[in-house]
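Participant: One structure is given below, represented as structure tokens, and several questions about it will come after.
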């Protein structure tokens, strides 16, 4: 171990929040910092080396040392920082993505389970329809995912993006097993029914790959066979039940029957006759024997052809039957491709040993019927077929879908779900649910056709989200966006349960009231609206005498006063919540008021403006600005600390200023220009290192205890700083999606032309009349003179960050949606007071001797979650109060966190509530005096109790009469 490494560890101890250091182990990156146990032997060895070299080595002074001090490290990018020793409060991991249930591409079911997988940008969302919950898988691709395929067993997922790169993941473990590149964007991907093969369509070629499965190999993907000869791109696949044949639909107006298994010689059979591109082709089987009896082909112009297999006419030799669909040109080349299984130096598919296999590609097929859906001028854009029910579902570009019973072509349902193009339509394995996706609206629907009811109906924001807000109990999350809508999401399930659309312009701010039952929203339409979350209605609207555009919003702690800052008049308007009357207008700012927040402890209002000032106002006494803090650059936003004793504001030069509001003094500053810098836009003329665009913070938020501060801006990074030490703790990269602009630091010069960036040039060959295939941003100019449609790629940026009141998670409104990060302590070993006698064996020994008090204290010192919970349940209810009185103060926060976790997972509710009640009674005075330190744990406990109360209330109200009957029956006995 080198001497320089030792000095790095000394610097860690200086600016770390805990006096630990990682001498022998370092974190993989600053976004994922792991806490490890200090290595005492390594410390002693290094100390010996330092003592031996101290005689010949001069002492390094702070001025001449090449290692900077902690405060100078604050302005450096994380790559130059030594690895930090993390605390549990810093260990935030990606948890979920809200606001984007569907963005285009495929939607598939995971085998026979009710789990629906859908593509969301470069991630994959998993929706459990039985449990009514949604989560986003933790891995992400390098660009937007367009094609999804799940193995028949539901164990594996193949997700391919629009650059041709694919991820092969284990769905149960949610881990990526392999990565492969198809050298082109796949237009269709499908597993075979036996799970051994994968069919991939890349351009005009169909490739057959071997599925890796659970095998451990150096290169698990093997290309087994290739089928060229298509005149246009392939649109969809369907496998035969025995995995021997593949039916490929194509844009060249044909569907081709391909023999996949080696030993099946001959040319593919072509199904001809359509006048438009074939969208789907499906095998129809006999319900008794399970053998293929026919084929359905569906084209874009709304025609469906039924083809029947004529039995007993397949030839014994390999010569194809006379058919108008068999091409004669290039026959020698096609025959050569059939040798050695279709490709040289490739592994064989295995001989087809079943002599009963019907050679479908050599058999005789006849066109039995032609049917038309009669939806002209709309185009058919999506279709699926359920083999057991013999039903076809189709979706059109005008938002209409139809369900038909085959082969008689009986229309069961013909309904409209939107006015936009339906980009995906599928059955589940049982055939009772239909899934529809609309990429332009970001809409995902699951409909049960028998009962004609919705199983799932989710839609994200059409444009970028501007603002987010947590409810006081951290269970709800409100979002406002440029599509004039306010949505309220349940954090635990990831679903939106109410959408308010009364605003007529972009929503710029949202704020939850302290009672948790009402929500405020500000908009550029000149109104402030109050929403009732019980009756789901707008119960109050605040306006001004003349129209104004509001960009900031806040309310005092009592909820009686509402304040909003304007964009055009530079004023702050004050209303009464009870009466809705305008009380006062605060003037003094000379620029847009983009930051507005009440002090948590008094009635002082803080406002920030582009006029380079932060002003404090006494709203109730109407004294005007009581204090003004001057800055050298425009102030973009501000945030109050939870104790009201500090204000943080960000300026246009990339600095974060910390002020003492009571004394009016500047406490310290953090320079974050180099921390947030990153990413170059395609339109930038300067490199990412030299440009000044985006090197500032537009949103700030303190953690629940005020020890950390989150900062985000118009780049791909979110920075977390330690307020006390003014150092960068970690930097989160919100996305690695190359489909967004501003992700790469260095652009590829090969994609630059004389007309500009290649990705910004419009594709004139796109099918505009068929609708939009991907969720994109349209014209944000709202029809103003000179405004142009946004034809470029969306820019990766963060518009708002918020910490949950519990302190266990935070949310960020980004281009992809709302990213949720939560504390993950499942793998952290972080003992608080470790000693040679503090071991799990000692805890077990104390429990065996019925020394519950000693066992609980030992487990708290060891900080092992499982041991703490085991010791809690080992205590008798009569001894809870005595043991609570013996708990040291420094372990209260850890014990309250354990109670909050147990209330959400264990069935012993009364016992845990007894623990919580006795702990608050015994240590009530200490909890009150140290409320700031214990606030995150108390908020978590409050959240768990509130959720438990709501669940029990709903259960009791729905079983009210049954409970009355049981009580009366027990009384009579």
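Residue numbers (the working numbering): 13 to 985. Using N, Cα and C, we set each Cβ at its ideal position, and we do this for glycine too.
Taking a contact to mean a Cβ-Cβ separation below 7 Å, would you say residue 934 touches residue 896 in this structure?
Facilitator: It is a contact, given that the beta carbons lie within the stated cut-off.
Participant: In angstroms with no decimal places, state the Cα-to-Cα distance between residue 737 and residue 570.
Facilitator: Roughly 33 Å between the two C-alpha positions.
Participant: Using only the alpha-carbon positions, how far apart do residue 890 and residue 662 sit?
Facilitator: Distance between the alpha carbons of residue 890 and residue 662: 54 Å.
Participant: Just checking my contact of residue 956 with residue 819 at CB under 8 Å: how many whole Å lie between their CB atoms?
Facilitator: The Cβ separation is near 14 Å, so there is no contact.
Participant: Would you tell me roughly how many angstroms separate the C-alpha atoms of residue 448 and residue 972, rounded to the nearest one?
Facilitator: Residue 448 and residue 972: Cα-Cα distance of roughly 38 Å.
Participant: Would you give the residue range spanned by the beta strand (DSSP E) that residue 198 belongs to?
Facilitator: Start and end: 198-203.
Participant: Can you check which of these residues, 489, 594, 470 and 384, is closest to residue 540 by C-alpha distance?
Facilitator: With distances taken between Cα atoms, residue 540 lies closest to 594.
Participant: Which of the three DSSP states, helix, strand or coil, is assigned to residue 556?
Facilitator: If DSSP states are grouped into helix, strand and coil, residue 556 belongs with coil.
Participant: Express the C-alpha separation of residue 721 and residue 706 in angstroms, rounding to a whole number.
Facilitator: Straight-line Cα distance between these residues: approximately 19 Å.
Participant: Which residue's Cα is closest to the Cα of residue 379: 401, 318 and 761?
Facilitator: That would be 318, whose Cα lies nearest to the Cα of residue 379.
Participant: State buried or exposed for residue 962, treating a residue as buried only when at least 16 other CB atoms are found within 10 Å of its CB.
Facilitator: Looking at its Cβ environment, which holds fewer than 16 other Cβ atoms inside 10 Å, residue 962 is exposed.
Participant: Is there contact between the region 439-446 and the region 395-404, where contact requires at least three CB pairs shorter than 8 Å?
Facilitator: Contact between the region 439-446 and the region 395-404 is present, because at least three Cβ pairs lie under 8 Å.
Participant: Determine which residues share a DSSP beta bridge with residue 497 and list them.
Facilitator: In the DSSP output, where bridge partners are listed per residue, residue 497 has none listed.
Participant: Do residue 808 and residue 747 have their C-beta atoms closer together than 7 Å?
Facilitator: The answer is yes: Cβ separation under 7 Å.
Participant: Just the C-alpha distance for residue 394 and residue 311, rounded to the nearest angstrom, thanks.
Facilitator: Distance between the alpha carbons of residue 394 and residue 311 is about 10 Å.
Participant: Going by DSSP in three states, residue 376 sits in which element: helix, strand or coil?
Facilitator: In the structure shown, residue 376 sits in a strand (DSSP, three-state: E or B).
Participant: If I follow the unbroken beta strand (DSSP E) through residue 672, where does it start and stop?
Facilitator: Here the beta strand (DSSP E) through residue 672 covers 667-672.
Participant: Across the region 533-549 and the region 507-522, are there enough close Cβ pairs to call them in contact, namely three or more that are closer than 8 Å?
Facilitator: The region 533-549 vs the region 507-522: in contact.
Participant: Please report the distance separating the alpha-carbon of residue 28 from that of residue 719.
Facilitator: Caution applies to residue 28, whose pLDDT of 40 falls short of 50 and renders its modelled position unreliable; the value that the coordinates give is listed next. Roughly 12 Å separates the two Cα atoms.
Participant: From residue 279 to residue 241, what distance separates their C-alpha atoms?
Facilitator: Using only the alpha carbons, I get a separation of about 11 Å.
Participant: Nearest-angstrom Cα distance between residue 487 and residue 239?
Facilitator: For residue 487 and residue 239, the distance between alpha carbons rounds to 53 Å.
Participant: Mind checking residue 909: buried by the 16 CB within 10 Å criterion, or exposed?
Facilitator: Flag for residue 909 reads buried.
Participant: Would you report the Cα separation of residue 627 and residue 542, rounded to the nearest angstrom?
Facilitator: Cα to Cα, residue 627 sits roughly 26 Å from residue 542.
Participant: Using DSSP's beta-bridge definition, name the partner residues of residue 294.
Facilitator: The partner list for residue 294 (beta bridge, DSSP) reads 308.
Participant: Can residue 520 and residue 563 be called in contact, C-beta distance under 7 Å?
Facilitator: In this structure, residue 563 lies closer than 7 Å to residue 520 by Cβ.
Participant: Report the option in 495, 483, 613 and 536 whose CA atom is closest to the CA atom of residue 816.
Facilitator: Measuring from the Cα of residue 816, the nearest candidate turns out to be 483.
Participant: To the nearest angstrom, report how far apart residue 572 and residue 596 are at their CA atoms.
Facilitator: Between residue 572 and residue 596, the C-alpha separation is close to 14 Å.
Participant: Using a Cβ-Cβ cutoff of less than 6 Å, which residues in the same chain neighbour residue 145 once the five nearest sequence positions on both sides are dropped?
Facilitator: Once the five neighbours on either side are set aside, the close Cβ partners of residue 145 are 505.
Participant: With a CB to CB cut of under 7 Å and the five nearest residues on each side skipped, what residues in its chain are close to residue 960?
Facilitator: The answer, listed in chain order, is 915 and 921.
Participant: Which residues does DSSP list as the beta-bridge partners of residue 317?
Facilitator: Residue 317 is bridged to 309 and 382.
Participant: Just to confirm my understanding: we take residue 490, look at its own chain, exclude 5 residues before and 5 after, and list those with CB closer than 6 Å. What are they?
Facilitator: Correct list, in chain order: 481, 500, 522 and 531.
Participant: Report buried or exposed for residue 492, applying the criterion of at least 16 other Cβ atoms within 10 angstroms of its Cβ.
Facilitator: With 16 or more Cβ atoms within 10 Å of its Cβ, residue 492 is classed as buried.
Participant: Please work out which residues of its chain come closer than 6 Å, Cβ to Cβ, to residue 518, disregarding the five sequence neighbours upstream and downstream, and give them in chain order.
Facilitator: Excluding sequence neighbours, residue 518 sits near 494 and 536.
Participant: Tell me, please, which residues DSSP counts as bridged to residue 502.
Facilitator: Per DSSP, 488 and 507.
Participant: According to DSSP, simplified to helix, strand and coil, what is residue 969?
Facilitator: DSSP places residue 969 in helix when its eight states are reduced to three.
Participant: Are there 16 or more other CB atoms within 10 angstroms of the CB of residue 794, so buried, or fewer, so exposed?
Facilitator: Because the pLDDT at residue 794 is just 45, under 50, the model does not fix this residue reliably, and the point stays unresolved.
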